[in-house]
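In numbering that gives the first Met the number 0, the protein residues as written are 0 to 334.
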Amino acid sequence: MTRKAPTARDPYFDNAKFLAVALVVVGHAWEPLRSAAVGGRILGAGQSFIYAFHLPVFIVMCGYFSRGFSRSRNRTRKLVAAIVVPYVLFSAVYVVYTEFLAGRHMSWDPLEPYYLTWFLPALLAWRLSVPLWQQLRFPVAIALAVAIWLFAGLVTLPSMLDAVQVLSFLPFFVLGLILGPRHFALLRRPAVRVAGVLTLVAGAVAAYVLESSLDPEWVHWRRSFAELGVGAPSGVGFRVVALVAAALLTAAFLAVVPARRTWFSRLGAASMYAYLLHGFVTLFLSYQDWYYRISGWQVPAVTIGCVLLAVVLMTDPVRKVFRWAVEPRLEWLFR
């Protein structure tokens, strides 16, 4: 019998995952600095700009690569090994780690995701819903996902499993399910790439202009209108603007991602390692007094350090050390 040749990876998607997760690391490092007014208007605008699209990009790609999930013979094993087990491990370890840093007791509740671990149960919920979205026609699927997205803002949902973010980011996952190779090929056209650069520049300028007048929570997608102190009409308006901006910036980002193989293409295949492990560094920084006193050249230095951290966390040695937690092999568990 001849073995089936492994499917070649498209470097475009690995490049996009690498760049998106690098922005996640930078965004988490900037968040405590922004809350302490370190870095001024530029850092505040930069953080809002990043948060407006970095997770939507990641989630669109998750949806795109979940298109064959409902037909997969080993989908239960994949869910347990790639999502459930890593979630239980990292959600518990992050709580213990924070206890150590803060010097106080913290309770661990598996139904209350801590810090960055909310993404794993969200991904579990989205993937379990794949058969539903694939049964619906394109306009109906998008309309239903947007209606659910709007509901997440209108109603104050319980904090269990970060329901607000799960429902708020759902349209991007559904969009990823709907997109096909031809749509991504369209983004790679030279004219679209130029438009992508201009859109990203315009988005950065808009973030700078609005930095002092707009609550950054609108691009975090984790609060209801009531929690943000606005009524339904204003809340719907702000949310629609945020959704449109996220969609445009996501498309622009994906348009400027290099399609050729680069030095970081290989690293992009291990983006989940950077996502799950970088929090130990960014949490450590957030509990250090000196971190809130940095200024001048130190802020760019921290930013560059975060990108380097993302690179290191996606290298082969790190993958070998932490594969048991991020990509556990559970042959012993299943028949």
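We treat Cβ as the ideally placed atom computed from N, Cα and C, and that holds for glycine.
When the Cα atoms are used, L178 and A246 turn out to be separated by approximately 13 Å. With a cut-off of 8 Å on Cβ pairs, the segment 105-116 is in contact with the segment 80-91, counting three or more such pairs. In terms of Cα proximity to L110, the closest of L135, A28, R318 and A162 is A162. In this structure, the beta-carbon distance from A140 to W132 falls below 8 Å.
Under the three-state reduction of DSSP, Q46 is assigned to helix.
Cβ neighbours of D214 within its own chain (closer than 8 Å, five residues either side excluded): L227. Assigned with DSSP and collapsed to three states, G267 falls in helix. In the DSSP annotation of this structure, the continuous segment of the alpha helix (DSSP H) that includes H182 starts and ends at P180 to L186.
Going by C-alpha positions, Y63 is about 42 Å away from D288. Straight across, the Cα-Cα distance linking A35 with V165 is about 28 Å. With respect to S47, V218 sits close: the two C-beta atoms are nearer than 8 Å. Going by DSSP, P31 is part of the alpha helix (DSSP H) stretching over P10 to S34.
Annotation for Y286: L100 place their beta carbon closer than 6 Å to its own, counting only its chain and skipping 5 residues before and after. Taking 8 Å as the cut-off, the Cβ atoms of F224 and G152 count as close. Per the coordinates, the alpha-carbon of G26 lies some 13 Å from the alpha-carbon of G38.
Ranked by Cα distance from V196, the options A254, A205 and G234 are led by A254.
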